[in-house]
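Heads up: the structure comes next, in structure tokens.
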Amino acid sequence: IAMASLDDLDVAVSKTMGEERGHHIDACIVRIMKSRKTMTHNQLSSEVMTHIATFSPDNRLIKQRIESLIEREYLERDREDSRFYKYMP
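Just so we're on the same page, our numbering is the position in the sequence shown counted from 1, plus 1369.
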């Protein structure tokens, strides 16, 4: 019985950490884009990786967070060149 509760706790902690990391990446992306206004995907990804020191996010997670910010209308893709993201004030 004790093992089952520890497994549940591990799952809950992992989920909470994942959510917190997602929020941390979101905040980092928004801060960067707010100051730069326009960036390519590669520039933004490398900038995020250098700014986050508490853990090392992988490119897949950064891309997911960028897509989430686009859906929530914090960022948009450039209409002329889809490699570029623009900050939406």
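For every residue, glycine included, the Cβ atom is placed at its ideal position computed from N, Cα and C.
{"Item": "Beta-bridge pairing of residue 1446 - partner residues as DSSP gives them", "Value": "1454"}
{"Item": "Residue 1382 classed as buried or exposed, judged by whether at least 16 other C-beta atoms fall within 10 angstroms", "Value": "exposed"}
{"Item": "Residue 1431 classed as buried or exposed, judged by whether at least 16 other C-beta atoms fall within 10 angstroms", "Value": "buried"}
{"Item": "Residue from 1398, 1403, 1436 and 1449 whose Cα sits closest to the Cα of residue 1415", "Value": "1398"}
{"Item": "Nearest neighbour of residue 1427, chosen from 1440, 1411 and 1438 [CA to CA]", "Value": "1411"}
{"Item": "Identified DSSP bridge partners for residue 1409", "Value": "1453"}
{"Item": "First and last residue of the uninterrupted alpha helix (DSSP H) at residue 1431", "Value": "1428–1440"}
{"Item": "Residue closest to residue 1448, alpha-carbon to alpha-carbon, out of 1418, 1424, 1425 and 1409", "Value": "1409"}
{"Item": "Cα-Cα separation between residue 1374 and residue 1380, rounded to whole angstroms", "Value": "10 Å"}
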